[in-house]
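Here the structure is laid out as structure tokens; the discussion comes afterwards.
Protein chains: 2
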Amino acid sequence: MISSKATSAARACARTSRVMQQQQRRLLATVVSSSSLFPGEPSSPHVVTSQIPGPKSKELSDRIGTFQENRTHGFVVDYAKSQGNWIADADGNVLLDMFAQIASIAIGYNNPDLLALAKTDEFITATMNRAALGSFPPTNWQELVETSFGTVKPDGLNNIFTAMCGSCANENAFKASFMAYRARERGEKAEFTPEEMSSCMKNQSPGSPDLSILSFTSAFHGRLFGSLSATRSKAIHKLDIPSFNWPVVEWPDVKYPFAQNSRENAEAEKVALAAVEEAIVSSKKTGSSYGPVAALIVEPIQSEGGDNHASPAFFQGLRDVTKKHGVFMIVDEVQTGVGATGAFWAHSKWNLTSPPDFVTFSKKMQAAGFYHNIETRPSLPYRNYNTWMGDPARTLQARQIIRTIQDHNLIQKTDKVGNYIYEKLFDLIENGAGRGKIEKLRGENAGTFLAFDGRTAKVRDQLIMEMRKLGVHMGGCGDKALRLRPMLVFEQKHADIFLDKLETALGQL
Amino acid sequence: MISSKATSAARACARTSRVMQQQQRRLLATVVSSSSLFPGEPSSPHVVTSQIPGPKSKELSDRIGTFQENRTHGFVVDYAKSQGNWIADADGNVLLDMFAQIASIAIGYNNPDLLALAKTDEFITATMNRAALGSFPPTNWQELVETSFGTVKPDGLNNIFTAMCGSCANENAFKASFMAYRARERGEKAEFTPEEMSSCMKNQSPGSPDLSILSFTSAFHGRLFGSLSATRSKAIHKLDIPSFNWPVVEWPDVKYPFAQNSRENAEAEKVALAAVEEAIVSSKKTGSSYGPVAALIVEPIQSEGGDNHASPAFFQGLRDVTKKHGVFMIVDEVQTGVGATGAFWAHSKWNLTSPPDFVTFSKKMQAAGFYHNIETRPSLPYRNYNTWMGDPARTLQARQIIRTIQDHNLIQKTDKVGNYIYEKLFDLIENGAGRGKIEKLRGENAGTFLAFDGRTAKVRDQLIMEMRKLGVHMGGCGDKALRLRPMLVFEQKHADIFLDKLETALGQL
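Just so you know, the protein sequences line up as chains R and Z, in that order.
The numbering used here numbers the first residue of the first sequence as 525 and each following residue consecutively.
The numbering used here numbers the first residue of the second sequence as 525 and each following residue consecutively.
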């Protein structure tokens, strides 16, 4: 009885707070700028084939299928004709793109700033004379890094390791964690023992130590051998691939909408935090089935795994427990980074009392790598090294993306558009066409990084196909989630098209 | 006595054969074209600082050091001013580049064909609208792949997986091997068991099976967690990084010059082949300390590990023993591929009775991936997948590199220039300034993919620094090898500069 009363009071309180937040947001929404980066953009979808992929997409996909996997194809794209938020396909369909190459296009197709960059001598030199950056950096590398990645470095992290993709970024952060972990164990005496030197050549301990990375259920951190060992999204990603015996902890079993379930969610987060501590502590005991946890890796919002959220308090708890036990904390911002959550870095909203040890990025940055600190720079050169060590051309592109974001205030705008969509979706699910068909809205105060579930996986899949027919291109994630991953140039007018089509599609289910 | 006589007879025979080969080569060398791709190239080095790195390089490197590892820097490069075979540094030094960004520049700095490509709409569209290729390929993808990678596909391999770097290429080939290995074990019934589905989410067998990759001592296959487990080049690459317990076999203990020691080398190769078979067979027995070998990976010439060679017969033996035991054979052509050995693919010189299962590439292709067959395409979509799945812009670049190579007959020319250098180096070591200082020349009939050892590591390191002061930029590998990795536009006139400077440098040691 008491528990039920308390729950009901908490819900009432959450409702009141929600109404106030709604009012605030509506006020803010009125100042969303109406100026567009793409004045010539289409004003509505243009669908000319009864199915997408249409016949030309299918034919081109079949031809690709003669030499390469094509069962994963959505449709074949005419990138030259795509513009801003609109993706054009091989058949002449033009769709509102809310998937953006799996969340990796930041500022729109054929953004004029980027097209101009491509024609500069600086870009042409960089792209056609690719440096082995670790050994022969270009004369502009220091200035380029400082005016690109340097302008958006997370608080407290002054070092950067540049890489080629998100999986590589995570794996190199793992390597840096392991090296720093062992360096701390060695203490002042930084030298390797002869036994370490010889055993590592046989892939055996102590040179190849039995250390581990801790990750969460439904996490996604990439698909190479180290990153895949930390990935727990779907069996199809992992089946038949040998894996490190690294530990896993259950992601907090939270309920959505998040704020309306804050009390239960806080409890669920406590359970998960306790499990994290237990996993770390037990990893260091003799007889543990896996080696000591050197680092924990976590996404601010579990993206591929279904858009699973947790509160800032949870992440603060993770920082506290990792600090307490000498475990490095890696924040994987490959999908959440670069603005879509309404902040450049999603983790900046946590207001941690001390920064994470690593922040990894890729996707919308178009360049990959991780931020870290001098403490986690390897003790000797060539320990974390490869031929390209990143890409100066993609760094120039990242710099322009960051500049365009700043020049046009795109993060603030994304925040506001996100709030606008959240409100509308909330109503649609509670009282509108979504009722009983879609549920579990998430992403309140997370910019346009929004998601909801289909009631079943089938409903979700049908909805994606219906939306496509209506001219809106979307992507799923997890078992039955539909995720919104528009670009940072997604405005209220685009949101209105999306919401209108969604209502129609839901009516047709 | 008999053995000694036989050895002496074999040597005499090898000498006669060598003289004939020399005559042939001299004949061929006269037809080396004298036309240059870079008519405005410097005709000699231009060294203006007493040390390289000079003061400006050092200053720029120090600045980079504030946010990133800089102890690995050779010098800081002015790529805009570099041209053809000549690399310009921050201080105004212009060096003959025989290292080529760790063997990754194919057709010269600021090659006019590539600069023209960079300005095309096709390239600009591709680079500034990066596709998630596995799901939304561009309309020109089929045509692009067929006119690029497709024109140089190794015999018998009709499928291609595109990736971002050499390590990723190897790791994805490992993944494809493991999946195909398990698929064959499953037979017709291709479905996963519920136990496999659930155990893989915990990184445990049978879903995450205990399978292995077999590699050789001193092999280098990359530095991510899977590829690093197959890499055995140097302890510094591996220390403190957890590793799969995968088996290793000794690289044949051959002697150089290779042809002059063909009999002993054939014996050494037999020993290694027997060890390979033993490792494979024992891996499948219960109680083996590592899981069954699913694939063997091998470089045609072990490059990072010291330019270690073996004969075509050895590789044919590897193909036979892997076929016999159902083990996939991965040929890692990341460094040997794209022409430098005097063939587009080094392994094509082996004349294997059946093709390898995988050929991986990166570096000089500027795009990465692997060739394979339909047998090793995963059973279901999304099993070997990631966001970018390669890069259409880098594929356009690869296409132009391949076309320029073909248009200018660069592989044939490289073969001839390589033979020319080999002869000269042979004389230099046997009878000239190299005697007692450098030794173990390798790369006969391997284009410009040449190497020799310093008598000691110190001699090698001094020689690299002396050569740099004289205006020739070179790289080491292994413990004491100096490797030649010029571009495919390296002509006899460049070779003469190199040989002249080498003689001088050796005289100064």
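Even for Gly, the Cβ is constructed at its ideal location relative to N, Cα and C.
From a predicted model like this one, the values you see are computed outputs, not experimental measurements.
Rounded Cβ spacing between residue i and residue j (contact assumed at less than 8 angstroms)
i, j, result
"I1021 of chain R", "L620 of chain R", "6 angstroms"
"E793 of chain Z", "S751 of chain Z", "At roughly 25 angstroms, the Cβ-Cβ gap does not stay under 8 angstroms, so E793 of chain Z and S751 of chain Z are not in contact."
"G632 of chain R", "L561 of chain R", "6 angstroms"
"T911 of chain Z", "A656 of chain Z", "5 angstroms"
"S606 of chain R", "N653 of chain Z", "7 angstroms"
"N635 of chain Z", "E565 of chain Z", "In fact, because the Cβ distance is near 11 angstroms, the residues do not count as touching under 8 angstroms."
"G1000 of chain R", "L974 of chain R", "At roughly 13 angstroms, the Cβ-Cβ gap does not stay under 8 angstroms, so G1000 of chain R and L974 of chain R are not in contact."
"E797 of chain R", "V862 of chain R", "According to the sequence displayed, residue 797 of chain R carries Leu and not Glu. Not confirmed; about 28 angstroms, so no contact."
"D1003 of chain R", "A981 of chain R", "6 angstroms"
"P662 of chain Z", "V601 of chain R", "6 angstroms"
"N789 of chain Z", "V800 of chain Z", "Not really, about 16 angstroms apart at Cβ, beyond 8 angstroms."
"K699 of chain Z", "I760 of chain R", "With a Cβ gap of about 12 angstroms, K699 of chain Z and I760 of chain R do not count as contacting."
"G829 of chain Z", "A743 of chain Z", "6 angstroms"
"W770 of chain R", "S753 of chain R", "5 angstroms"
"L481 of chain R", "C724 of chain Z", "There is simply no residue 481 of chain R to check, as chain R begins at 525 and stops at 1033 in what is shown."
"D995 of chain Z", "L987 of chain Z", "In the sequence as presented, Asp is not what sits at residue 995 of chain Z; that position holds Gly. 14 angstroms between Cβ atoms; not a contact."
"A964 of chain Z", "L1033 of chain Z", "Checking the displayed sequence, the identity of residue 964 of chain Z turns out to be Lys instead of Ala. With a Cβ gap of about 17 angstroms, K964 of chain Z and L1033 of chain Z do not count as contacting."
"R1007 of chain R", "D734 of chain R", "37 angstroms between Cβ atoms; not a contact."
"A697 of chain R", "D645 of chain Z", "With a Cβ gap of about 37 angstroms, A697 of chain R and D645 of chain Z do not count as contacting."
Beta bridge counterpart(s) of residue i as assigned by DSSP
i, result
"E963 of chain Z", "Z:D977"
"C1001 of chain R", "R:A1005"
"V858 of chain Z", "The partner list for V858 of chain Z (beta bridge, DSSP) is empty, contrary to what the question assumes."
"Q607 of chain R", "R:W610"
"F882 of chain Z", "Z:I854"
"N832 of chain R", "R:Q826"
"A892 of chain Z", "Z:A687"
"H570 of chain Z", "Z:V618"
"L820 of chain R", "R:L738 and R:M853"
"V996 of chain Z", "Z:L620"
"Y633 of chain R", "R:G608"
"V772 of chain R", "R:S739"
"V601 of chain Z", "R:P662 and Z:D613"
Amino acids of chain B, ordered along the chain, whose beta-carbon sits closer than 8 angstroms to that of residue i
i, result
"P816 of chain Z", "Absent from the structure: chain B. Protein chains present are R and Z."
Problem set entry | beta strand (DSSP E) runs wholly inside the segment 653–704 of chain Z, at least 3 long, in chain order | 683–687
For this session: Please go through the segment 695–752 of chain Z and give each complete beta strand (DSSP E) segment of 3 or more residues, from N-terminal end onward.
Result: 736–740
Exercise. According to a CB-to-CB cut-off of less than 7 angstroms, which residues of the segment 774–805 of chain Z neighbour chain R?
Worked result: none
For this session: Please list the residues of the segment 707–723 of chain Z that have a C-beta atom closer than 7 angstroms to any C-beta atom in chain R, keeping them in chain order.
Result: F716, E720 and M721
Problem set entry | Cβ-based contacts, 7 angstroms cut-off: residues of the segment 835–865 of chain Z near chain R | none
For this session: Inspect the CB distances between the segment 579–595 of chain Z and the segment 609–627 of chain R and report whether three or more fall short of 8 angstroms.
Result: no
Problem set entry | Residues of the segment 888–909 of chain R with Cβ closer than 8 angstroms to any Cβ of chain Z, in chain order | Q890, R901, P902, L904, P905, Y906, R907, N908 and Y909
For this session: Please name the residues in the segment 980–1003 of chain R whose beta-carbon is closer than 8 angstroms to at least one beta-carbon of chain Z, in chain order.
Result: none
For this session: Report the residues of the segment 663–692 of chain R with a CB closer than 8 angstroms to any CB of chain Z, ordered along the chain.
Result: T663, W665, Q666, V669, E670, G674, N682, N683, I684, F685, T686, M688, C689, G690, S691 and C692
Exercise. Any contact of the segment 734–749 of chain Z with the segment 799–815 of chain Z, i.e. 3+ C-beta pairs under 8 angstroms?
Worked result: yes
Exercise. Listed in chain order, which residues of the segment 752–767 of chain Z have Cβ atoms closer than 7 angstroms to some Cβ of chain R?
Worked result: S753, R756, A759, I760, K762, L763, D764, I765, P766 and S767
Exercise. Just checking, does the segment 849–857 of chain R make contact with the segment 871–883 of chain R on the three C-beta pairs under 8 angstroms criterion?
Worked result: yes
For this session: Decide yes or no for the touch test of the segment 922–939 of chain R against the segment 668–683 of chain R: beta carbon pairs closer than 8 angstroms, at least 3 of them.
Result: yes
Problem set entry | Cβ pair count under 8 angstroms reaching 3, the segment 822–839 of chain R against the segment 865–878 of chain R | yes
Exercise. Looking at chain R, which residues of the segment 642–654 of chain Z have a Cβ within less than 9 angstroms of any of its Cβ atoms?
Worked result: A642, K643, D645, E646, F647, I648, T649, A650, T651, M652, N653 and R654
For this session: Enumerate, from N- to C-terminal direction, the unbroken beta strand (DSSP E) stretches of 3 or more residues contained entirely within the segment 911–969 of chain R.
Result: 962–966
For this session: Mind checking the segment 723–737 of chain Z against chain R and listing, in chain order, the residues whose C-beta falls within less than 8 angstroms of any C-beta there?
Result: C724, M725, K726, N727, Q728, G731, S732, P733, D734, L735 and S736
Problem set entry | Residues, ordered as in the chain, of the segment 604–628 of chain R that lie near chain Z by beta-carbon distance below 7 angstroms | A604, S606, A614, Q625, I626 and S628
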